[in-house]
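In the numbering used here, the protein residues as written are 2 to 114.
Now the structure itself:
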């Protein structure tokens, strides 16, 4: 991975996938709330569940690599020819501009799961 320059991307992806709510672990975290003037209590499961929403970062990559016409060699060649990088930002802009129905379906699936 280091030779290909993908080591830090791998570490980043694994760090996004690590947070999981832990069953049977009841840990409370106290955070000083300046507005209320007292400590606020947060459960560790709630914090880990909130961190799991960072996985939405993977949705454009999955759409671009697996579900669309961006996964072909011709698309990458055309992108290189026009000096356009086919990354997550480009895929999100393309999907929102040309396939709003797909965006609504993905949001519905994410909320339902």
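Built from N, CA and C at the ideal position, the CB exists for glycine as well. Note that the structure is a prediction, hence the values are computed from the model and not measured.
- One Cα belongs to residue 42, the other to residue 30, and the distance between them is close to 6 angstroms.
- When secondary structure is reduced to three states using DSSP, residue 56 falls in the helix class.
- As DSSP reads the structure, residue 33 sits in a beta bridge with 40.
- Here the alpha carbons of residue 32 and residue 38 stand approximately 11 angstroms from one another.
- For residue 76, the enclosing alpha helix (DSSP H) begins and ends at 74-82.
- Within the same chain, 20, 21, 22, 23 come within 8 angstroms of residue 49 by CB-CB distance, once the 5 residues on both sides are set aside.
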